[in-house]
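Everything below concerns the one structure shown next.
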Amino acid sequence: MQKKSTPRRTLAQRPEEIRTERPRPDWPSDGLIFNRDCTECPRLAAFLAQGRAEYPRYYCLPVPPFGDPNARVVIVGLAPGFHGANATGRPFTGDHAGLLLYRTLHRFGFASRPESLAADDGLRLIDLRITNGVKCVPPENKPLPAEIRQCNHYLAAELAALPARSVLVALGSVGHNAALQALGIKATKYKFAHAAEHQLPDGRTLIDSYHCSRYNTQTRRLTDEMFEAIFARAAELIRRER
Ligand code: SF4
């Protein structure tokens with residue numbers, strides 16, 4: 003029998019305030035930038051189908067980008083977490099990784115509130131959007147290289163639609179590589195390192211950060227101060243562009 007990739011957790015164990023309703027994505031499912039019906043990765047489509055059967059209240063579809071369509075700061079993450087974005091339909095919402103992220107965004111004026119509770123909670127992002135290199139939750143949080151490549155056309159279309167000279171913040175090396183691939187740049191040209199700042203040929207700046215995952219924050223590989231410094235720098239860069 004095949005081992006289940008994601009440990010089961012009953013809905014009763016979820017925090018009361020997390021709601022798992024089907025959201026109305028703020029970015030239309032246009033098939034170019036985002037397609038809620040995409041099944042281009044068979045392994046991920048099957049995993050989502052399994053998730054829908056086991057957790058009928060979960061969103062369990064490709065997760066749309068969230069935030070300002072004209073943002074000058076764009077966060078590129080890895081992929082939805084099973085009990086987080088995959089459950090709620092909004093990136094970094096419903097699990098540990100979003101706690102530090104939204105608190106930090108609010109601190110630097112990029113979010114209207116310091117926490118994200120549900121896709122319809124009224125939270126607004128200001129001059130910032132959040133997207134993932136892979137839009138569907140992967141088993142064990144590990145997309146295959148072929149899945150990262152397959153999903154990249156959505157990220158490429160999204161970045162092309164955003165303002166030129168925007169600041170990209172990559173969370174982790176997968177986000178870093180996905181952002182470069184989406185811009186047609188070889189990943190080997192710019193090495194991932196926390197707080198590294200890369201000037202890209204099209205005028206954009208790419209800032210790297212360790213991912214704000216539970217593992218990284220609990221081991222203090224990533225502290226609040228380290229993460230805040232990333233967004234302080236992003237805010238400084240867009241201020242200079244005004
Ligand atoms: S990961 Fe991306 S390309 Fe693959 S099925 Fe999901 S939305 Fe489609």
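Start counting the sequence shown at 3; every next residue gets the next number (our numbering).
The C-beta atom is built at its ideal place from N, Cα and C for all residues, glycine as well.
- Taking the C-beta atoms as reference points, R216 is found nearer than 8 Å to A99.
- Beta-bridge partners assigned by DSSP to S215: none are found.
- By the C-beta density criterion, A163 is exposed, having fewer than 16 other C-beta atoms within 10 angstroms.
- Buried is the label assigned to A120, since at least 16 other Cβ atoms lie within 10 Å of its Cβ.
- Look at A47: its beta carbon is less than 7 Å from one of the heavy atoms in the ligand SF4.
- Less than 8 Å divides the Cβ of F194 from the Cβ of S175.
- Distances from the alpha-carbon of C43 to those of T95, P141 and R105 put P141 closest.
- At least one heavy atom of the ligand SF4 lies closer than 7 Å to the C-beta of V136.
- Using a 10 angstroms sphere on the CB of A89, the tally of other CB atoms reaches 16 or more, which defines it as buried.
- Taking the Cβ of E160 as the reference point, every heavy atom of the ligand SF4 lies at 7 Å or farther away.
- Contact between F84 and G53 holds, since their C-beta atoms are separated by about 7 Å, short of 8 Å.
- L130 carries a strand assignment under DSSP once its states are collapsed to helix, strand and coil.
- For Q52, the shortest separation between its Cβ and any heavy atom of the ligand SF4 does not lie below 7 Å.
- With a cutoff of 7 Å, Y156 counts as near the ligand SF4, since its C-beta is closer than that to a heavy atom of the ligand.
- Selection D32, I150, E230 and A180 evaluated against H108 yields E230 as nearest (Cα-Cα).
- Contact annotation: A181 and V75 have beta-carbon atoms that are not nearer than 8 Å.
- In this structure, N179 places its C-beta atom within 8 Å of the C-beta atom of A189.
- In the DSSP assignment, E227 falls outside any beta strand (DSSP E) and lies within the alpha helix (DSSP H) extending over D226 to E243.
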